[in-house]
Amino acid sequence: MKNINSAPGNANFDSFWQGLCGLVRQGVDALGAMSWPMLLACAIGLALFITILPLVLTLFLIFLLVKWANNSGGFGWEKKTTQQQPPQ
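Going letter by letter, the sequence shown gives residues 14 to 101 in our numbering.
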């Protein structure tokens with residue numbers, strides 16, 4: 014017997030799942046059609062992408078936060094000198 018009261022959004026999830034399974038099947042077919050040297054090159058490229066990109070983003074955020082903290086006066090790296098007015 015078919016359920017009349019289906020959950021809201023069930024159709025959206027089913028279409029998403031079917032699309033995801035289709036993409037995985039296409040990816041597996043593409044990997045199966047690749048030669049061994051091309052597969053090795055793709056694996057090395059993917060590994061470099063996965064390791065370098067987070068490192069670059071993390072360093073960017075660290076330098077951005079240091080620059081922001083330095084501009085806001087949070088760190089006293091530079092010696093502040095008091096300016097004396099010449100006697101009149």
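Backbone N, C-alpha and C fix where the C-beta goes; we use that ideal spot for every residue, glycine too.
Beta-carbon separation (whole angstroms), residue i vs residue j, contact threshold 8 Å
i   : j   : result
L44 : L52 : 7 Å
Simplified DSSP assignment, three categories, for residue i
i   : result
P67 : helix
Q31 : helix
Q98 : coil
M51 : helix
Nonlocal neighbours in the same chain, by C-beta distance under 7 Å from residue i, ignoring five residues either side
i   : result
F76 : none
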